[in-house]
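A.B. asks: Take the position in the sequence shown, starting the count at 1, then add 39; the result is the number in our numbering. First the structure, which I've put down as structure tokens, then a few questions once you've had a look.
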Amino acid sequence: MGSQSKNEVLSLISTAILSGDKESAVNTTREALQRYSIEDILNKGVLAAWDTFISLYEKDPAGTLKSWDSAYFTTRRVLGLIESVTPLGTPIFSAIVATVIGEGHTLMRDIIATYLRSKNIKVFCPKRGIKIDDIKVELSDPSLKFLVLSCIDPDTEVQLKSLVASVRQLRPEVKIIAGGPLARKIGADAVASSMSEVFEIMKAWA
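Here's what the structure looks like:
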């Protein structure tokens, strides 16, 4: 990568994601992992791509949606690479990172899960929206300390409140952290606006 600056290097990841170039995204991420933190790669590469995508969508919804699938699956490849090269020692505790049934915005959930795994946390991250019955096995794990919920779709407020109430009934000591537009409405123990803030809250309570 020669004398490229950090921002230039990480912007290449963002550009590759937006163009759906999986090979370039993976190769650039692999090189970036040798020089930069996972937090920087996720914030300035992956999330920067989706910030740009949102801006483009606001100007041209129909045109932008045509590239959504390729950008999404390229992002998934980048997250998979990051997790594959992140060594996991003895986890300091475990956490569930999830969305509820009906939530269509799942990318932030997956990014947070990848980030927390890089911090040596055992993460359960169901790939589909959940209800309480879907996580009863995980809730039985004595090492489970947190439930992290990504709360974006306004139509899921009832499901989110129901899940929070059920978790409190089954495992009242598990702390619930929420993020997104609905985060302050569902009765969570804490609200976070970024993945790093999620981790800082966890460290304070663990």
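For each residue, glycine too, the CB sits at the ideal point set by N, CA and C. As the structure is a computational prediction, the values presented were derived from the model and not from experiment.
Quick one: using the 10 Å Cβ neighbour count with 16 as the cut-off for buried, is Val-176 buried or exposed?
C.D. replies: Per the 10 Å Cβ criterion, exposed.
A.B. asks: Let me know the secondary structure DSSP gives Phe-238 once reduced to three states.
C.D. replies: In this structure, Phe-238 counts as helix in the three-state DSSP scheme.
A.B. asks: Exposed or buried, Gly-41, counting other C-beta atoms within 10 Å across all chains shown (16 or more means buried)?
C.D. replies: Here Gly-41 scores only 46 on pLDDT, less than 50, and its place in the model is too uncertain to base an answer on.
A.B. asks: Does DSSP put Ser-44 in a helix, a strand or coil?
C.D. replies: Of the three classes helix, strand and coil, the one that applies to Ser-44 here is coil, per DSSP.
A.B. asks: Can you tell me whether Val-206 is buried or exposed, with buried defined as 16 or more other CB within 10 angstroms of its CB?
C.D. replies: So Val-206 counts as buried.
A.B. asks: Assign Phe-132 to one of three DSSP states: helix, strand, or coil.
C.D. replies: In this structure, Phe-132 counts as coil in the three-state DSSP scheme.
A.B. asks: For the region 67-114, list the alpha helix (DSSP H) runs that are entirely contained and at least 4 residues long, ordered along the chain.
C.D. replies: The region 67-114 contains these whole alpha helix (DSSP H) runs: 87-98, 100-104.
A.B. asks: Helix, strand or coil: how does DSSP classify Ala-229 here?
C.D. replies: Looking at Ala-229 - three-state DSSP - the assignment turns out to be strand.
A.B. asks: Let's test the definition: count the other Cβ atoms within 10 Å of the Cβ of Thr-129 and tell me whether it reaches 16, buried, or not, exposed.
C.D. replies: Flag for Thr-129 reads exposed.
A.B. asks: I'd like to check one pair, Phe-238 with Leu-146: are the Cβ atoms closer than 8 Å?
C.D. replies: No; because the gap between Cβ atoms is not below 8 Å, this pair is not in contact.
A.B. asks: Please classify Gly-102: is it buried, with 16 or more other beta-carbons within 10 angstroms of its beta-carbon, or exposed?
C.D. replies: Exposed.
A.B. asks: Starting from the C-beta of Asp-192, find all residues in its chain whose C-beta is less than 7 Å away, skip the five residues before and the five after it, and write them out in chain order.
C.D. replies: Closer than 7 Å at the Cβ level, and outside the excluded window around Asp-192, lie Gly-141, Glu-142, Gly-143, His-144.
A.B. asks: Taking the straight line between their C-alpha atoms, what separation do you get for Val-139 and Gln-198?
C.D. replies: Those two C-alpha atoms are separated by around 7 Å.
A.B. asks: Going by DSSP, name the residue or residues bridged to Lys-161.
C.D. replies: Note: Lys-161 sits in a beta bridge opposite Ser-133.
A.B. asks: Name the one or two DSSP bridge partners that Lys-214 has.
C.D. replies: BP columns for Lys-214 point to Phe-185.
A.B. asks: Any contact between the region 204-223 and the region 160-175? By contact I mean 3 or more CB pairs, one from each, below 8 Å.
C.D. replies: Cβ pair count under 8 Å is three or more, so yes.
A.B. asks: Tell me which same chain residues have a C-beta within less than 7 Å of the C-beta of Ala-64, skipping the five on either side of it?
C.D. replies: If we look at Ala-64 and ignore the five residues flanking it on each side, its Cβ neighbours are Ile-52, Ala-55, Ile-56, Thr-113, Arg-116, Val-117.
A.B. asks: Considering only residues of the same chain and omitting the five flanking positions on each side of Ala-222, which have a CB-CB separation below 7 Å?
C.D. replies: Cys-190, Val-230, listed in sequence order.
A.B. asks: In whole angstroms, give me the CA-to-CA distance for Thr-68 and Leu-120.
C.D. replies: Straight-line Cα distance between these residues: approximately 8 Å.
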